[in-house]
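Residue numbers (full-length UniProt numbering): 1 to 531.
Structural data, given as structure tokens:
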């Protein structure tokens with residue numbers, strides 16, 4: 001093992017590895033608390049999965065995003081805690097989603113999901129009709145959503161270590177109702193319902209429903225990490241790109257810095273990795289440093305599925321809603337599922353085969369911010385779930401991408417005639433870009449065995465080494481999970497230094513939004529951005 005020597009400083013130096021949402025949020029929080037922070041990013045773009053690029057006048061996200069709680073959730077709470085509430089302009093659209101299904105005559109139809117709560121009952125009624133639910137089925141579905149909305153945090157916690165399908169089956173066994181719920185929650189957690197924590201799903205659904213703030217930022221998804229970085233720099237943080245960490249340096253069970261791929265070294269008293277638990281424990285730390293029980297657990301850590309993505313640049317606007325959602329295949333869709341369809345679909349995914357029915361999620365960033373494309377043009381960013389790269393794929397990535405494009409053609413008439421270009425992203429690219437082995441979208445999946453008291457800890461057996469981002473701690477959906485973990489890590493680090501938390505941090509980040517405010521939103525609709 002290399003001999004390393006500690007840094008001597010009354011003001012500890014902190015190195016944060018990875019400039020995704022978790023890393024950039026943590027850098028801002030620690031800089032706000034007065035610590036000297038260096039953020040190291042291996043790529044030449046900041047933002048992780050929220051980074052973006054420019055092509056022919058289009059500003060394109062590397063991944064597909066909407067943000068379930070927008071400014072009201074963890075992404076906004078990071079700004080409030082650092083005195084910059086409102087620094088990111090989160091926007092909505094008249095119809096947030098458009099759910100596509102096959103009618104009884106075989107035609108493809110859609111149901112809009114509105115941004116305003118007072119319009120939800122009409123949407124719900126249309127869904128019941130599309131799913132061909134009986135009055136009894138409809139009552140059961142209403143009971144389910146009421147239970148989720150009103151459940152106390154204590155009761156929700158009792159569901160942490162049980163699967164979501166067990167919770168849903170209390171209310172309905174209708175395969176079409178379950179299919180719609182399966183689809184919605186699978187989008188959020190990138191897991192099938194029988195592998196997903198019911199308590200975590202309830203926690204997230206409650207807050208999304210009560211906040212009613214699903215949105216997307218002006219400037220694209222990258223606006224979030226870039227804003228965090230800009231504010232952190234103003235507080236003295238150093239932020240470096242093309243600075244790949246090869247090894248976290250440890251001596252006498254104490255972290256002392258990191259070694260970069262170019263051979264240089266950055267000394268530090270505290271190191272926080274926002275890579276996956278697996279990649280950190282098995283690849284960034286020298287073998288033998290961590291206890292075998294810790295590395296064994298990291299090796300067995302359950303990760304989510306991955307994805308392929310197509311970014312479709314259009315000559316003109318074809319879509320009015322903020323996001324297209326659904327699952328459609330030849331002669332089949334969510335509203336024609338039976339009891340076995342979900343498991344057959346996941347079995348195909350697990351075996352690396354392109355499924356007959358394609359689950360798709362297709363945000364339209366230019367409907368939130370038209371400046372993300374040349375005037376009059378439109379951008380669609382679509383993805384579908386795939387296995388991670390450790391699974392042998394029976395069908396190559398190109399076939400998954402083609403299946404996704406065929407589905408988009410089914411729901412968007414005239415698509416091919418208006419395409420300027422299509423960029424494609426595979427799960428192997430996600431692995432390369434994120435540095436997270438096997439390319440999961442959520443590196444520590446929110447299974448019953450990996451949430452609540454069983455969630456991997458922010459702290460590690462090595463003094464001064466912490467894990468944050470979507471790998472440890474935190475609650476929420478996707479990027480919001482990473483931001484919440486960053487706040488948890490920041491609090492943990494400040495406490496470890498025997499310092500008082502900044503006054504702005506004295507909030508309950510997991511508080512349930514008051515139902516009164518939700519009712520007010522329903523009775524007094526707020527304006528939305530119409531693009």
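Built from N, CA and C at the ideal position, the CB exists for glycine as well. These numbers come from a predicted model, not from an experiment.
Assignment of alpha helix (DSSP H) within the segment 7 to 85, counting only whole runs of 4 or more residues, yields 21 to 32, 74 to 81 in chain order. DSSP places residue 332 within a strand segment (E or B) once states are collapsed to three. Assignment of residue 147 by DSSP, reduced to helix, strand and coil, places it in the helix class. Inter-residue distance for residue 82 and residue 488 is about 14 Å (C-alpha atoms, whole angstroms). Counting along the chain, the unbroken alpha helix (DSSP H) around residue 397 starts and ends at 397 to 411.
Taking 4 residues as the shortest admissible run, the segment 444 to 501 contains the following complete alpha helix (DSSP H) segments, listed from N- to C-terminal end: 479 to 496.
Taking the C-beta atoms as reference points, residue 220 is found nearer than 7 Å to residue 372. Assignment of residue 139 by DSSP, reduced to helix, strand and coil, places it in the helix class. In the three-state scheme derived from DSSP, where H, G and I count as helix and E and B as strand, residue 197 is classed as strand.
About 3 Å separates the Cβ atoms of residue 274 and residue 469, confirming a contact at the 8 Å cut-off. Sequence-distant Cβ neighbours of residue 240 in its own chain, meaning closer than 8 Å and more than five residues away, are 38, 39, 40, 41. Between residue 427 and the set 388, 244, 463, the nearest pair of CA atoms involves 388. Assignment of residue 337 by DSSP, reduced to helix, strand and coil, places it in the coil class. For the pair of segments examined, the segment 146 to 156 was found to touch the segment 195 to 204: the number of CB pairs separated by less than 8 Å reaches three.
The criterion of a C-beta distance shorter than 7 Å is not satisfied by residue 359 and residue 341. Counting other Cβ atoms within 10 Å of its Cβ, residue 331 stays below 16 and is therefore classed as exposed. For residue 76, the closest C-alpha among the options 161, 318, 225 is that of 225.
Around the C-beta of residue 146, fewer than 16 other C-beta atoms lie within 10 Å, and the residue is accordingly described as exposed.
Here residue 510 is exposed, its C-beta having fewer than 16 other C-beta atoms within 10 Å. Residue 14 is a Cβ neighbour of residue 30, given a cutoff of 7 Å.
For residue 432, the enclosing alpha helix (DSSP H) covers residues 427 to 434.
Cα atoms of residue 442 and residue 20: separation of roughly 12 Å, rounded to the nearest angstrom. Taking 7 Å as the cut-off, the beta carbon of residue 352 is found closer than this to the beta carbon of residue 392. The segment 160 to 175 makes no contact with the segment 106 to 115, as fewer than three CB pairs between them are under 8 Å. Rounded to the nearest whole angstrom, the CA to CA distance from residue 197 to residue 189 is 9 Å.
DSSP, reduced to helix, strand and coil, places residue 388 outside both helices and strands of the structure shown, so it counts as coil. Between residue 335 and residue 381, the CB-CB gap reaches or exceeds 7 Å.
Taking C-alpha positions only, residue 455 is separated from residue 195 by approximately 15 Å. Around the beta carbon of residue 44, a 10 Å sphere encloses fewer than 16 other beta carbons of the protein chains shown; the residue is thus reported as exposed. When rounded, the separation of the alpha-carbon atoms in residue 500 and residue 478 is 29 Å. In the DSSP assignment, residue 222 falls outside any beta strand (DSSP E), carrying neither H nor E. In this structure, residue 437 places its C-beta atom within 7 Å of the C-beta atom of residue 278. The secondary-structure analysis by DSSP pairs residue 379 across a beta bridge with 313. In the DSSP assignment, residue 298 falls within the alpha helix (DSSP H) that extends over 292 to 300. Nearest neighbour of residue 212 by Cα position, chosen from 467, 434, 96, turns out to be 96. Relative to the Cα of residue 86, the nearest Cα in the group 228, 137, 135 belongs to 228.
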